[in-house]
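*Asks:* Here it is: the structure, laid out below.
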Amino acid sequence: MTRVEDNRAPGARQARDLVRVAFGPAVVALVIIAAVTLLQLLIANSDMTGALGAIASIWLGVHQVPISIGGHELGVMPLLPVLLMVWATARATARAVSPYSSWLVVRWVVASALGGPMLLAAIALAVIHDASSVLTELQTPSALRAFVSVLVVHAIGASIGVWSRVGRRALRTSPLPNWLADSLRAASAGVLALVGLSGMVTAGSLVVHWATMQDLYGITDSIFGQFSLTVLSVLYAPNVIVGTSAIAVGSSAHLGFATFSSFTVFGGDIPALPILAAVPRPPLGPVWVALLIVGASSGVAVGQQCARRALPLAQAVAKLLVAAVAGAAVMSLLAFGGSGRLGNFGDVGVDQGALVLGVFFWFTVVGWVTVVMTGGVRRRPRRPKPRPEPVPEAEEPADFAAELEDDALVEDGEEPGGELAEEVEPAEEVEPAADEPAVDEPAVDER
1 MTRVEDNRAP
11 GARQARDLVR
21 VAFGPAVVAL
31 VIIAAVTLLQ
41 LLIANSDMTG
51 ALGAIASIWL
61 GVHQVPISIG
71 GHELGVMPLL
81 PVLLMVWATA
91 RATARAVSPY
101 SSWLVVRWVV
111 ASALGGPMLL
121 AAIALAVIHD
131 ASSVLTELQT
141 PSALRAFVSV
151 LVVHAIGASI
161 GVWSRVGRRA
171 LRTSPLPNWL
181 ADSLRAASAG
191 VLALVGLSGM
201 VTAGSLVVHW
211 ATMQDLYGIT
221 DSIFGQFSLT
231 VLSVLYAPNV
241 IVGTSAIAVG
251 SSAHLGFATF
261 SSFTVFGGDI
271 PALPILAAVP
281 RPPLGPVWVA
291 LLIVGASSGV
301 AVGQQCARRA
311 LPLAQAVAKL
321 LVAAVAGAAV
331 MSLLAFGGSG
341 RLGNFGDVGV
351 DQGALVLGVF
361 FWFTVVGWVT
371 VVMTGGVRRR
381 PRRPKPRPEP
391 VPEAEEPADF
401 AAELEDDALV
411 EDGEEPGGEL
421 AEEVEPAEEV
431 EPAADEPAVD
441 EPAVDER
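Per UniProt numbering, the very first residue in the sequence shown carries number 1; after that it's consecutive.
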């Protein structure tokens with residue numbers, strides 16, 4: 001695929017990609033929900049009256065829209081389906097965008113990723129409203145809540161998909177710092193470490209409370225009933241793991257009147273769901289305090305990612321703070337998605353304020369210690385001190401003593417320069433010729 005072909009406006013070549021992005025993940029989810037619902041009705045020997053309304057309600061429930069049946073609201077929706085929806089939307093969006101796509105193409109892809117699910121949400125609301133006239137116990141959810149939930153879920157998926165393809169390029173052309181991508185990667189690593197370690201703790205707690213889990217399976221004698229409980233436990237497993245993560249950072253999780261934290265447990269009635277056998281029972285043992293090690297370990301993961309590229313002190317601190325804020329926001333969003341009202345049991349969720357502060361604390365404090373220890377702070381090189389230039393020696397002025405010395409040397413036969421004056425040798429006496437008389441002798445006449 002050349003850059004020129006990819007930059008063309010959406011036309012015949014890109015129509016298929018836009019349709020796939022708009023309706024692919026949502027329609028696949030709708031087909032799976034329809035198959036499971038019809039299978040349940042067939043096994044229960046029930047008629048198909050209101051089947052379309054049930055399918056539409058479950059499809060909206062996948063997008064965290066509460067379902068109201070007979071005056072009882074099921075507001076705690078499982079997190080696994082919505083996470084799969086976000087992943088599918090991100091994957092479809094990333095496949096429709098290349099690193100060289102123009103911003104016009106990117107906008108068309110994002111609009112398709114949001115427009116298709118919004119259309120299906122409107123159709124689902126209409127189907128539920130029509131089915132409620134037949135099934136009086138089925139209530140139509142709030143249209144505003146339905147549209148907002150569907151929009152947020154698919155917007156998150158589209159943002160992840162687009163960022164994975166053109167995020168680096170967008171940073172290079174924007175005034176934002178280049179280390180922002182490293183901060184987001186560090187936040188992702190911290191969240192994955194926190195959730196992953198909490199999942200291991202949840203699995204270990206299930207093994208410890210194996211007898212309690214068997215008792216919860218004992219509420220039904222049929223294989224299909226036990227299979228249904230297993231499926232529900234798998235769907236709600238991320239909710240329990242997020243609650244464990246909240247406990248690991250110092251927050252608390254509550255299920256009605258029952259409250260759980262690393263320091264205390266208040267008992268209460270809980271639903272007969274096998275996955276809930278992992279929750280601690282009073283009295284709380286001291287081993288649960290060690291759960292705070294999970295929060296510290298996630299902070300180490302954040303610090304290691306931030307230290308991959310060493311930066312000056314101010315930029316290193318800013319990178320870590322952005323990662324901590326992003327990680328706290330993601331955990332708060334997950335906790336909000338896994339919270340709600342569960343019929344007569346009451347509200348289910350976590351202490352949001354303590355969760356945000358706890359995640360920010362562990363990611364910042366432990367992360368900063370890790371950054372410093374692993375060399376993530378680049379010290380500015382010391383400027384060499386300039387050597388002082390040698391001061392030229394000043395010529396000493398001739399003093400009077402030197403002048404007197406020169407005069408004395410001149411009198412002794414030496415020149416002022418200090419050298420001895422050359423002695424003038426006397427001229428040699430020239431002997432007169434024999435024919436010439438001496439000057440003092442008188443001339444003799446030879447006659």
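All C-beta atoms in this analysis are idealised placements derived from N, C-alpha and C, irrespective of residue type, glycine included.
How close, in whole Å, do the beta carbons of G157 and M85 come, if the pair is a contact with beta carbons under 8 Å?
*Replies:* Indeed they touch by this definition, with Cβ atoms about 7 Å apart.
*Asks:* Leaving out the 5 sequence neighbours to the left and right, which residues in its chain are closer than 7 Å to V249 when beta-carbon positions are compared?
*Replies:* Cβ neighbours of V249 beyond the five flanking positions: G295, L355, G358, V359 and W362.
*Asks:* Identify the continuous beta strand (DSSP E) that holds H72 and give its terminal residues.
*Replies:* From DSSP, the beta strand (DSSP E) with H72 extends over H72 to L74.
*Asks:* According to DSSP, simplified to helix, strand and coil, what is H254?
*Replies:* Of the three classes helix, strand and coil, the one that applies to H254 here is strand, per DSSP.
*Asks:* Extract the residue ranges of the beta strand (DSSP E) inside the region 326 to 351, only unbroken runs of 3 or more that lie entirely within it.
*Replies:* Here the runs fully enclosed are 347 to 350.
*Asks:* Note the first and the last residue of the continuous beta strand (DSSP E) segment covering I275.
*Replies:* No beta strand (DSSP E) contains I275, which DSSP labels as neither H nor E.
*Asks:* Work out the CA separation of V231 and Q64 for me, nearest whole Å.
*Replies:* Taking the straight line from one Cα to the other gives about 18 Å.
*Asks:* Which first and last residues belong to the beta strand (DSSP E) in which S102 is found?
*Replies:* Taken as a continuous stretch (DSSP letters only), S102 belongs to no beta strand (DSSP E), as it is neither H nor E.
*Asks:* Suppose the cutoff is 6 Å on Cβ atoms and the five residues either side in sequence are ignored; what does the same chain contact list for G199 look like?
*Replies:* Within the same chain, G199 has close Cβ partners I241.
*Asks:* Rounded to whole angstroms, what's the CA-CA distance from A26 to S332? Just pull it up for me.
*Replies:* Using only the alpha carbons, I get a separation of about 25 Å.
*Asks:* Give me whichever residues DSSP pairs with T244 in a beta bridge.
*Replies:* DSSP output for T244 lists no bridge partner at all.
*Asks:* Span of the beta strand (DSSP E) holding I156?
*Replies:* Careful: I156 lies outside any beta strand (DSSP E), inside the alpha helix (DSSP H) at A143 to R172.
*Asks:* Spell out the partners DSSP gives I67 in its beta bridges.
*Replies:* Beta-bridge pairing links I67 to L74.
*Asks:* Might you give, ordered along the chain, the residues of its own chain that have their beta carbon closer than 8 Å to the beta carbon of A121, omitting 5 neighbours on each side?
*Replies:* Closer than 8 Å at Cβ, skipping near neighbours: L60, H63, A146, F147 and V150.
*Asks:* Thinking C-beta only, is D351 closer than 8 Å to S252?
*Replies:* Closer than 8 Å, so yes.
*Asks:* Contact check, A290 vs H209 under 8 Å by CB: the rounded distance?
*Replies:* Not really, about 17 Å apart at Cβ, beyond 8 Å.
*Asks:* Is G327 near G190, with beta carbons less than 8 Å apart?
*Replies:* Yes, the pair counts as a contact, with Cβ atoms nearer than the cut-off.
*Asks:* Using a Cβ-Cβ cut-off of 6 Å (strictly less than) and excluding sequence neighbours within five positions of A187, which residues of its own chain qualify?
*Replies:* Excluding residues within five positions, the ones whose Cβ falls inside 6 Å are A323, A326 and G327.
*Asks:* Buried or exposed: which applies to V19, given that a residue is buried once 16 or more other Cβ atoms fall within 10 Å of its Cβ?
*Replies:* Classification for V19: exposed.
*Asks:* Taking all protein chains shown into account, do 16 or more other C-beta atoms lie within 10 angstroms of the C-beta of residue 451, making it buried, or fewer, making it exposed?
*Replies:* The requested residue 451 does not occur in the structure, where the chain is confined to residues 1 to 447.
*Asks:* Out of S233, L180, I219 and T173, point me to the one whose CA is closest to T202's CA.
*Replies:* It is S233.
*Asks:* Could you tell me which uninterrupted alpha helix (DSSP H) segments, each at least 4 residues in length, are contained entirely in the region 288 to 320, listed from first to last along the chain?
*Replies:* Correct list: 292 to 306.
*Asks:* Could you tell me whether the Cβ atoms of L80 and A237 are closer together than 8 Å?
*Replies:* Their beta carbons are under 8 Å apart, which means L80 touches A237 by this criterion.
*Asks:* How is F363 classed by DSSP in three states: helix, strand or coil?
*Replies:* Here F363 sits in helix by DSSP.
*Asks:* Can you tell me where the alpha helix (DSSP H) holding V134 begins and where it ends?
*Replies:* Careful: V134 lies outside any alpha helix (DSSP H) and carries neither H nor E.
*Asks:* Kindly indicate which three-state DSSP category D17 falls into: helix, strand or coil?
*Replies:* It is helical.
*Asks:* Measuring CA to CA, which of V36, G53, L83 and G75 is closest to A155?
*Replies:* Closest option to A155, Cα to Cα, is L83.
*Asks:* Does the beta-carbon distance from V134 to V21 come in below 8 Å?
*Replies:* Contact: no.
*Asks:* For V377, name the three-state secondary structure that DSSP assigns.
*Replies:* V377 falls in the strand class under three-state DSSP.
*Asks:* What is the DSSP secondary structure of V372, reduced to helix, strand or coil?
*Replies:* Looking at V372 - three-state DSSP - the assignment turns out to be helix.
*Asks:* Quick one: Cα of F23 to Cα of A124, how far?
*Replies:* Straight-line Cα distance between these residues: approximately 14 Å.
*Asks:* Would you mind reading off the limits of the alpha helix (DSSP H) that contains V279?
*Replies:* Per DSSP, V279 belongs to no alpha helix (DSSP H) and is neither H nor E.
*Asks:* Please identify the residue among P175, G349 and A96 whose C-alpha is closest to the C-alpha of S112.
*Replies:* Minimum Cα distance to S112 is reached at A96.
*Asks:* Which same chain residues, not among the five before or five after G116, have their C-beta less than 7 Å away from its C-beta?
*Replies:* Correct list, in chain order: A22, F23 and A26.
*Asks:* Skipping 5 residues on each side, what residues in its chain have a beta carbon closer than 7 Å to that of V439?
*Replies:* Because V439 carries a pLDDT of 45, less than 50, the predicted location of this residue cannot be relied on, and no value is offered for it.
*Asks:* Excluding the five sequence neighbours on either side, which residues of its own chain have a C-beta within less than 6 Å of the C-beta of A427, listed in chain order?
*Replies:* The pLDDT assigned to A427 is 46, lower than 50, so where the model puts this residue is not dependable; a value taken from the coordinates is nonetheless given after this. Excluding positions up to five away in sequence, the list is empty.
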